[in-house]
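Peer 1: Take a look at this one; I'll ask things after.
In our numbering, the protein residues as written are 6 to 579.
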């Protein structure tokens, strides 16, 4: 059943041979946000997340998913969701930078894999029910139709050795934490390699929210995403609780609680192994790991602090059908957790399918929420992970700047970008990456200057992002974002939007554009075309409901021999 990955997987292409260190740790440039264009909830959550996390416009992919929002057959997932996502990465030349595939909401949370493997009979405990996020993380197995996706040791990003912890956690001493890139190859022992024949690649994945069945309301999703973003780098004070009880759901993990709690406390963060199922009247919950089928968080009197990861090992924690039993993961999110997880099909009490206690150790060391989760689950195919993948409460962010380039500066011809910065927490910066309009343009080491020929860019508005990463294993990123105006010609693409700044959800947005010599002018919301004018000037009306509620941006691009990009126009749909 165990077969090698296909080395030609689309997302892995485009970076082989570079000797320059790469940034990990995660940032908005590394996220591909997948939005259901047929769902008001999905568009609204995406609009707010783009604003919160400054996701580049071309990193947003809109799919028209009108199918079932609970489950999808494996072939349909592969052809209608996963492959369009991977194709978008390739077509937009984002292969070298996308590490996270993040779904907004209103996509099916379960994938029934069986029809991908017609010659294999997948039976419990390794049956065909996968989660959306697990199947995306293990995308190479779906692309190559490899049934080894269900195996308990399929995730080699987990630091080894993992065999002794697959059924019941037995030993978690001296666990390393590492940053993630989709192009990194991981060997079976959890060590990075450059040997494509010996290593495997993955794609970090979460859902921002589930907004039907036993999920959360849109307002609840927006609330916990805002809280998560507010926690970044704050190194909050509170307690991570490891709850020990005699429930069979607790036993797979609680042997490892004391050793992990001790390692966390050595980092200056309070961690406690406590008897019971959930903390009682605790006003300082920074994290929670427990094993329990049902609980009432409001009745407990406890308070979840911003940035916390809280989850429970149980059968139906990730089953979001309205008629399902047990308390779902959405209960933790409702009360403010940054992320939670649960299995979407009966998993049996197998440790490999759930996060190890080291989840919280990776997080406290500064890993992102997604990195912490996937470094702690050796068999993640059934685990649905919901929340903000970029949340990093304990990250030590570098400070980064581009010398001599000012916001709004007009530039033409060759431009020199001189990166500078200071690593976080006494670290040095190991590498810089320059992004132009969200796309990776160059990498450099400290002390090097990056040349950019603006004559190769369309005239008009562009955004430079300089990202620096700490020179350690986690590679936490810091960034500087500077808009510039390229002016190699005289004309500038004009865009006027009315009404501004607020438009009612039932109203229309009027957009007028003009650029001399244009064959056509396209109006986009992020990467999606929402209007088009033929010729060099004209006006279109866009139904506000098309855009989704919340903050969003419209931008125009001309087509023709001389292209130009307008300044972005921000508006609020209410």
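Every residue gets a Cβ at the ideal spot worked out from N, C-alpha and C, and that includes glycine. Since this is a predicted model, take the numbers as computed values, not measurements.
Between residue 384 and residue 156, is the Cβ-Cβ spacing less than 9 Å?
Peer 2: Position 379 of the chain shown, counted from the first residue, corresponds to residue 384. Position 151 of the chain shown, counted from the first residue, corresponds to residue 156. Result yes, Cβ atoms of residue 384 and residue 156 sit closer than 9 Å.
Peer 1: Taking all protein chains shown into account, do 16 or more other C-beta atoms lie within 10 angstroms of the C-beta of residue 580, making it buried, or fewer, making it exposed?
Peer 2: With the chain running from 6 to 579 in the structure shown, residue 580 is simply not present.
Peer 1: Determine the burial state of residue 452: buried for a count of at least 16 other Cβ atoms within 10 Å of its Cβ, exposed for fewer.
Peer 2: Residue 452 sits at position 447 when you count from the first residue of the chain shown. Exposed, by the Cβ-count rule.
Peer 1: Would DSSP call residue 515 helix, strand or coil?
Peer 2: Within the chain shown, residue 515 is the residue found at index 510, counting from 1. Strand at residue 515.
Peer 1: I need the DSSP call for residue 530, collapsed to helix, strand or coil.
Peer 2: The count along the chain shown starts at 1 and reaches residue 530 at position 525. Looking at residue 530 - three-state DSSP - the assignment turns out to be strand.
Peer 1: What is the DSSP secondary structure of residue 580, counted as helix, strand or coil?
Peer 2: Nothing can be reported for residue 580, as the shown portion of the chain is limited to 6 through 579.
Peer 1: Have a look at residue 558 and residue 445 and give me their C-alpha separation to the nearest angstrom.
Peer 2: Counting from one through the chain shown, the residue named residue 558 turns up at place 553. Counting from one through the chain shown, the residue named residue 445 turns up at place 440. Taking the straight line from one Cα to the other gives about 22 Å.
Peer 1: Tell me the rounded alpha-carbon separation between residue 235 and residue 371.
Peer 2: Your numbering for residue 235 matches position 230 in the chain shown. Your numbering for residue 371 matches position 366 in the chain shown. For residue 235 and residue 371, the distance between alpha carbons rounds to 15 Å.
Peer 1: In angstroms, rounded to a whole number, what distance separates the CA positions of residue 387 and residue 47?
Peer 2: As a working mapping, residue 387 is identified with position 382 in the chain shown. As a working mapping, residue 47 is identified with position 42 in the chain shown. Straight-line Cα distance between these residues: approximately 23 Å.
Peer 1: Buried or exposed: which applies to residue 52, given that a residue is buried once 16 or more other Cβ atoms fall within 10 Å of its Cβ?
Peer 2: Working through the chain shown from its first residue, we reach residue 52 at position 47. Burial call: buried.
Peer 1: For residue 27, does the count of other Cβ atoms within 10 angstroms reach 16, so buried, or fall short, so exposed?
Peer 2: For this step, residue 27 is matched to residue 22 along the chain shown. Note that residue 27 scores a pLDDT of 44, beneath 50, so its modelled location is shaky and nothing firm can be said.
Peer 1: Use the C-beta contact count for residue 267: other C-beta atoms within 10 angstroms, 16 or more gives buried, fewer gives exposed.
Peer 2: By one-based count along the chain shown, residue 267 stands at place 262. Burial state of residue 267 is exposed, judged by a 10 Å Cβ sphere holding fewer than 16 other Cβ atoms.
Peer 1: Of all the alpha helix (DSSP H) runs that stay within the bounds of the segment 173-248, which reach a length of 4 or more residues?
Peer 2: 223-235
Peer 1: Drop a sphere of 10 angstroms on the beta-carbon of residue 507, count the other beta-carbons inside from all chains shown, and report buried for 16 or more, exposed for fewer.
Peer 2: Indexing the chain shown from 1 puts residue 507 at position 502. By the neighbour-count rule (16 or more Cβ atoms within 10 Å), residue 507 is not buried but exposed.
Peer 1: Report the CB separation of residue 189 from residue 197 in whole angstroms; it is logged as a contact under 8 Å.
Peer 2: Here the question's residue 189 lines up with position 184 in the chain shown. Here the question's residue 197 lines up with position 192 in the chain shown. Beta-carbon to beta-carbon, residue 189 and residue 197 are separated by about 6 Å, close enough to satisfy the 8 Å threshold.
Peer 1: So, do the segment 216-231 and the segment 250-258 have three or more beta carbon pairs nearer to each other than 8 Å?
Peer 2: no
Peer 1: Curious, which full-length alpha helix (DSSP H) runs of at least 4 residues does the segment 115-170 contain?
Peer 2: 137-142, 144-148
Peer 1: For the alpha helix (DSSP H) holding residue 88, just list the boundary residues, first then last.
Peer 2: In the chain shown, the residue the question calls residue 88 occupies position 83. 88-96 is the span of the alpha helix (DSSP H), which, as asked, contains residue 88.
Peer 1: Once the 5 residues before and after residue 570 are set aside, which same chain residues still bring their CB inside 6 Å of it?
Peer 2: Within the chain shown, residue 570 is the residue found at index 565, counting from 1. When the five nearest sequence neighbours on each side are left out, the beta carbons in the same chain lying within less than 6 Å of the beta carbon of residue 570 are those of 463, 465, 466, 562, in order along the chain.
Peer 1: Confirm, please, whether the CB-CB distance from residue 64 to residue 443 is below 9 Å.
Peer 2: Within the chain shown, residue 443 is the residue found at index 438, counting from 1. Within the chain shown, residue 64 is the residue found at index 59, counting from 1. Going by C-beta atoms, residue 443 is nearer than 9 Å to residue 64.
Peer 1: For the alpha helix (DSSP H) that contains residue 52, what are its first and last residues?
Peer 2: Within the chain shown, the letter at position 47 stands for residue 52. From DSSP, the alpha helix (DSSP H) with residue 52 extends over 45-58.
Peer 1: Less than 6 Å between C-beta atoms, sequence neighbours within five positions excluded: which residues of the same chain meet that for residue 255?
Peer 2: Within the chain shown, numbered from 1, the residue matching residue 255 stands at position 250. Around residue 255: 296.
Peer 1: Within 10 angstroms of the Cβ of residue 176, are there 16 or more other Cβ atoms? Answer buried if so, exposed if not.
Peer 2: In the chain shown, counting from the first residue as 1, residue 176 sits at position 171. Exposed is the call here.
Peer 1: Work out the CA separation of residue 395 and residue 331 for me, nearest whole Å.
Peer 2: As a working mapping, residue 331 is identified with position 326 in the chain shown. As a working mapping, residue 395 is identified with position 390 in the chain shown. Approximately 28 Å, taken between the alpha carbons.
Peer 1: Which residue marks the beginning of the beta strand (DSSP E) containing residue 256, and which one marks its end?
Peer 2: The residue given as residue 256 occupies position 251 in the chain shown. First-last for residue 256: 256-259, but that is the alpha helix (DSSP H), not the beta strand (DSSP E).
Peer 1: According to the Cβ coordinates, are residue 111 and residue 41 closer than 9 Å?
Peer 2: Position 106 of the chain shown, counted from the start, is the residue given in the question as residue 111. Position 36 of the chain shown, counted from the start, is the residue given in the question as residue 41. It is a contact, given that the beta carbons lie within the stated cut-off.
Peer 1: For residue 106, which residues of its own chain have a beta-carbon under 7 Å away from its beta-carbon, when the five flanking residues on both sides are left out?
Peer 2: As a working mapping, residue 106 is identified with position 101 in the chain shown. Excluding residues within five positions, the ones whose Cβ falls inside 7 Å are 37, 39, 90, 141, 208, 210.
Peer 1: DSSP state of residue 108, grouped into three classes?
Peer 2: In the chain shown, the residue the question calls residue 108 occupies position 103. In the displayed model, residue 108 falls within a strand according to three-state DSSP.
Peer 1: Is the beta carbon of residue 553 closer than 9 Å to that of residue 577?
Peer 2: Against the chain shown, residue 577 aligns to sequence position 572. Against the chain shown, residue 553 aligns to sequence position 548. No, these two residues do not count as a Cβ contact at 9 Å.
Peer 1: Once you ignore the five residues that flank residue 487 on each side, which residues in its own chain have a CB closer than 7 Å to its CB?
Peer 2: Within the chain shown, residue 487 is the residue found at index 482, counting from 1. Once the five neighbours on either side are set aside, the close Cβ partners of residue 487 are 407, 410, 412, 469.
Peer 1: On the criterion of 16 or more Cβ atoms from any shown chain inside 10 Å, does residue 84 qualify as buried, or is it exposed?
Peer 2: Reading the chain shown from its first residue, position 79 is the one you call residue 84. Residue burial annotation: residue 84 is exposed, with fewer than 16 other C-beta atoms found within 10 angstroms of its C-beta.
Peer 1: Quick one: complete alpha helix (DSSP H) runs, 4+ long, within the segment 252-291?
Peer 2: For the segment 252-291, the continuous alpha helix (DSSP H) assignments of 4+ residues that do not extend past its boundaries occur at 256-259, 262-271, in sequence order.
Peer 1: DSSP beta-bridge partners for residue 423?
Peer 2: Position 418 of the chain shown, counted from the first residue, corresponds to residue 423. Paired residues: 408.
Peer 1: Whole angstroms are fine: how far does the CA of residue 436 sit from the CA of residue 163?
Peer 2: Counted from its first residue, the chain shown places residue 163 at position 158. Counted from its first residue, the chain shown places residue 436 at position 431. Their backbone Cα atoms lie some 25 Å apart in a straight line.
Peer 1: Kindly confirm or deny that the segment 536-554 and the segment 70-88 touch, where touching means at least three C-beta pairs closer than 8 Å.
Peer 2: no
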